[in-house]
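Each residue of the sequence shown is one higher than the one before, starting from 416 at the first, in this note's numbering.
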Amino acid sequence: MAWLLKIILLPFSLIYGLFMDIRNWAYDTAILKSTSFPIPIVVIGNLRVGGSGKTPHTIFICRQLESMNVAVLSRGYGRRSKGYYEVESFGSTSKFGDEALLIKEKCPDCVVAVCEDRVKGVKKILQDHPNTELIILDDAYQHRALSAKLNLLLTTYDQPYFRDLPLPAGRLREFVKGAKRADAVVVTKVPKGADRTVFEKKINSTLFYSFLSYQTLKAQEIFAVSGLANHTHFLRHLEENYRVVGYKKFGDHHD
416 MAWLLKIILL
426 PFSLIYGLFM
436 DIRNWAYDTA
446 ILKSTSFPIP
456 IVVIGNLRVG
466 GSGKTPHTIF
476 ICRQLESMNV
486 AVLSRGYGRR
496 SKGYYEVESF
506 GSTSKFGDEA
516 LLIKEKCPDC
526 VVAVCEDRVK
536 GVKKILQDHP
546 NTELIILDDA
556 YQHRALSAKL
566 NLLLTTYDQP
576 YFRDLPLPAG
586 RLREFVKGAK
596 RADAVVVTKV
606 PKGADRTVFE
616 KKINSTLFYS
626 FLSYQTLKAQ
636 EIFAVSGLAN
646 HTHFLRHLEE
656 NYRVVGYKKF
666 GDHHD
């Protein structure tokens, strides 16, 4: 039945993809304006909705650049507040969103802020922290109102964007050709020893690969709880290394 539903939804995917194409064309031809800033802006994003690993990669890049004055700007997905807020490590998910709060917890020396208007957010960061040398935008690949110095596109190994369709028949936020805007593509959640040939053939861009690394637990028997967009990798790791006596799955961004 899944394939039948995809066929039914395909016309709506074409309409949605066409709308995004027109929007991208308007930015490419400067009909719609993109705002530039005097410092480098790095965008981390994806074509597919959810679960590609944007937040862990944002944290990873922040840690690599710890000698610089780096700031991170997120829209604060899932928060109940509106407008610009600078994230405090002791704050709440309702005010900042869980992703931004996690980034601040893992990178306490970085300025982390949330704002649904990315241009306004960058201006506020530079106003409050004029020594900022670089800003990372978490999940902003489709946010064309802001001109980035570097666009990093993430795609998971087991669900690559080039095998998917736009919403609602698929999970893509735009047509596959949107990947051409990327300066580099990071293939995430790569299994050890996995074949990378298909990515070398399909992706005409600078390629990087990343994998998940888990801490080792002393326990042999565990009851696990997770709130993820894709539970597969986590559960597989647990089953390979422990005796899982129970497992409770919650949705992504669960409180």
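Even glycine gets a Cβ: it sits at the ideal position worked out from N, Cα and C.
Identify, in the order they occur along the chain, each residue of the same chain with its Cβ nearer than 8 Å to the Cβ of residue i, setting aside the five sequence neighbours on each side.
i: valine 591; result: Leu462, Tyr576, Phe577, Asp579
i: lysine 421; result: Leu580, Ala584, Gly585
i: histidine 472; result: Ile459, Leu567, Leu569, Val601, Thr603, Ser625
i: isoleucine 518; result: Thr470, Thr473, Ile474, Cys477, Val487, Ser489, Val502, Cys525, Val527, Asp553
i: alanine 639; result: Phe649, Leu650, Leu653, Val659, Gly661, Tyr662, Lys663
If you draw a straight line from the C-alpha of residue i to the C-alpha of residue j, how long is it?
i: glutamine 630; j: alanine 597; result: 32 Å
i: glycine 512; j: phenylalanine 434; result: 29 Å
i: glutamate 655; j: threonine 470; result: 25 Å
i: serine 641; j: lysine 664; result: 5 Å
i: aspartate 436; j: arginine 495; result: 31 Å
i: glutamate 520; j: threonine 571; result: 25 Å
i: asparagine 546; j: methionine 483; result: 10 Å
i: glutamate 595; j: lysine 617; result: Reading off the sequence shown, one finds lysine at residue 595, where the question assumed glutamate. So the two alpha carbons sit approximately 12 Å from each other.
i: valine 502; j: phenylalanine 475; result: 18 Å
i: glutamine 557; j: leucine 419; result: 29 Å
i: glycine 432; j: isoleucine 423; result: 16 Å
i: threonine 444; j: alanine 563; result: 16 Å
List the whole-angstrom C-beta distance separating residue i from residue j, where the pair is believed to meet the contact cut-off of C-beta under 8 Å.
i: serine 620; j: alanine 599; result: 6 Å
i: proline 561; j: isoleucine 456; result: The sequence as given places leucine at residue 561; proline does not occur at that position. The pair is a contact, with the Cβ atoms about 7 Å apart (cut-off 8 Å).
i: glycine 468; j: lysine 604; result: 6 Å
i: tyrosine 662; j: leucine 632; result: Their Cβ separation, rounded to whole angstroms, is 15 Å, which puts tyrosine 662 and leucine 632 out of contact at 8 Å.
i: leucine 627; j: phenylalanine 614; result: Incorrect: roughly 17 Å between the Cβ atoms, too far for contact.
i: leucine 653; j: valine 659; result: 5 Å
Do residue j and residue i count as a contact pair if the criterion is CB distance below 9 Å?
i: cysteine 530; j: valine 487; result: no
i: aspartate 573; j: threonine 647; result: yes
i: cysteine 522; j: glutamate 481; result: yes
i: alanine 515; j: glycine 536; result: no
i: asparagine 439; j: arginine 559; result: yes
i: tyrosine 442; j: serine 451; result: no
i: leucine 684; j: isoleucine 446; result: Because the chain in this structure spans residues 416 to 670, residue 684 falls outside the shown range and cannot be described.
i: aspartate 553; j: serine 489; result: yes
i: lysine 539; j: alanine 528; result: yes
i: aspartate 667; j: glycine 498; result: no
Under 7 Å Cβ to Cβ from residue i, same chain only, skipping five residues before and after it: list those, please.
i: arginine 586; result: Arg463, Val464, Asp579
i: glycine 506; result: Leu516
i: leucine 650; result: Tyr662
i: lysine 510; result: Arg494, Ser496, Tyr500
Tell me which residues share the same chain as residue i and place their Cβ nearer than 6 Å to its Cβ, disregarding the 5 neighbours each side in the sequence.
i: leucine 485; result: The residue asked about is misnamed: residue 485 is valine in this sequence, not leucine. So the qualifying residues of the chain are Cys477, Cys525, Leu549.
i: histidine 669; result: Gly642
i: phenylalanine 427; result: Pro583
i: leucine 425; result: Ala584
Taking 9 Å as the CB-CB cut-off, is residue i touching chain C?
i: aspartate 436; result: This model lacks chain C altogether; it includes just one protein chain.
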